[in-house]
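Trainee: So that we are looking at the same thing, I have put the structure below in structure tokens.
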Amino acid sequence: MSEPTVLITLRRGDITTDGDVDAIVNAANSTLLGGGGVDGAIHRAAGPGLLAECRTLGGCGTGDAKITGGHDLLAAHVIHTVGPVWSTRADEAGRQEKDAQLASCYRRSLEVARENDLVSMAFPSISTGVYRYPVERAAAIAIRTVRETAARLGGFEEIRFWLFDDATLAPYRETLEAV
Ligand code: ADP
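This is the structure in structure tokens:
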């Protein structure tokens, strides 16, 4: 019997505009107290209530995920996950460890969503901004992990990726269409 497949879709633009999913995922840092990039955009759109709730969480480890309300966002929930920082100095073992942490971000986010009975979510491209992950490498990990984890957990209707620019969208599209 084949595994159930989940609908994975790609959009270009600002993840904070999505009002059609149960949760948007934030590429946060380990303090969970806000930052730049997508993290800053989510906190700006969600308002100060999100930061107040994040202060109660005690941070988040790399590769883990924690859930909050969406506050002033259109989505009802935010799942905050902390991606690895890419290092060009890492050796092959170090790179594989980063890959495992990045996969864990997607896996843990989906597990937290499942525990909360959420059926649709939106991910940004975790770690490929300030954290400098090579986007082709990150896209392959993202698509593969979401596909495998969603099939294993079941119950998801749609998982979408919001890619901020064409240079990020292209490798996600190529990976999604390749398999
Ligand atoms: P990280 O620190 O995990 O690298 P960043 O926020 O710096 O996180 O970047 C992750 C990706 O999110 C990058 O591709 C960046 O261009 C993109 N991004 C930034 N703002 C938004 C937004 N509002 N919606 C979707 N993606 C965004």
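Heads up: the sequence shown begins at 78 in my numbering, then just goes up one per residue. Ideal Cβ positions, reconstructed from N, Cα and C, are used throughout, including at glycine. This one's a predicted model, so the numbers in the text were calculated from it and none came from an experiment.
1. Give the C-beta separation of residue 134 and residue 150 to the nearest angstrom, bearing in mind that I take them to be a contact with Cβ-Cβ under 8 Å.
2. Going straight from the alpha carbon of residue 232 to that of residue 190, what length do you get?
3. Quick one: what's residue 235 bridged to in DSSP?
4. Starting from residue 252, trace the alpha helix (DSSP H) in both directions and tell me its first and last residue.
5. Based on the DSSP secondary-structure assignment, which residues constitute the bridge partners of residue 146?
6. When we look at the beta-carbon of residue 178 and count the other beta-carbons within 10 Å, is it buried (16 or more) or exposed?
7. Please report how far the alpha carbon of residue 215 lies from the alpha carbon of residue 126, in whole angstroms.
8. Which residues mark the beginning and the end of the alpha helix (DSSP H) in which residue 123 is found?
9. Could you tell me how far apart the beta carbons of residue 199 and residue 115 are, in whole angstroms, since I believe they sit closer than 8 Å?
10. Among 130, 91, 165, 146, whose alpha-carbon lies nearest the alpha-carbon of residue 243?
11. Counting only the same chain and skipping the five closest in sequence on each side, list residues whose C-beta sits under 8 Å from that of residue 171.
12. Quick one: is residue 140 buried, meaning 16 or more other Cβ sit within 10 Å of its Cβ, or exposed?
13. Are residue 204 and residue 158 close, meaning C-beta to C-beta below 7 Å?
14. Enumerate in chain order the residues of its own chain whose CB-to-CB distance from residue 119 is below 8 Å, with the five nearest sequence positions on each side excluded.
Mentor: Based on what the coordinates show:
1. What you label residue 134 is simply residue 57 of the sequence shown in a count that begins at 1. What you label residue 150 is simply residue 73 of the sequence shown in a count that begins at 1. At roughly 17 Å, the Cβ-Cβ gap does not stay under 8 Å, so residue 134 and residue 150 are not in contact.
2. As a first step, residue 232 must be located in the sequence shown, where it is residue number 155. As a first step, residue 190 must be located in the sequence shown, where it is residue number 113. Residue 232 and residue 190: Cα-Cα distance of roughly 10 Å.
3. Here residue 235 corresponds to residue number 158 of the sequence shown, with the count starting at 1. According to DSSP, which records beta bridges pairwise, residue 235 is partnered with 84, 197.
4. Your numbering for residue 252 matches position 175 in the sequence shown. In the DSSP assignment, residue 252 falls within the unbroken alpha helix (DSSP H) covering 243-255.
5. To locate residue 146, count along the sequence shown from 1; it is residue 69. In the DSSP output, where bridge partners are listed per residue, residue 146 has 154.
6. As a position in the sequence shown, residue 178 is number 101, starting the count at 1. Result: buried.
7. What you label residue 215 is simply residue 138 of the sequence shown in a count that begins at 1. What you label residue 126 is simply residue 49 of the sequence shown in a count that begins at 1. Cα to Cα, the separation comes out at about 31 Å.
8. Start at 1 with the first residue of the sequence shown, and residue 123 comes out as number 46. Residue 123 -> alpha helix (DSSP H) spans 114-123.
9. Here residue 199 is taken as the residue at index 122 of the sequence shown, counted from 1. Here residue 115 is taken as the residue at index 38 of the sequence shown, counted from 1. So it is not a contact: roughly 11 Å between Cβ atoms.
10. Indexing the sequence shown from 1 puts residue 243 at position 166. Cα-wise, what sits closest to residue 243 is 91.
11. Counting from one through the sequence shown, the residue named residue 171 turns up at place 94. Cβ neighbours of residue 171 beyond the five flanking positions: 164.
12. Numbered from 1 along the sequence shown, position 63 holds the residue referred to as residue 140. Around the CB of residue 140, 16 or more other CB atoms lie within 10 Å, so the residue is classed as buried.
13. One-based indexing of the sequence shown puts residue 204 at position 127. One-based indexing of the sequence shown puts residue 158 at position 81. A distance of 7 Å or more separates the beta carbons of residue 204 and residue 158.
14. On the sequence shown, position 42 is the one that residue 119 refers to. Contacts found: 92, 93, 101, 103, 127, 150, 155.
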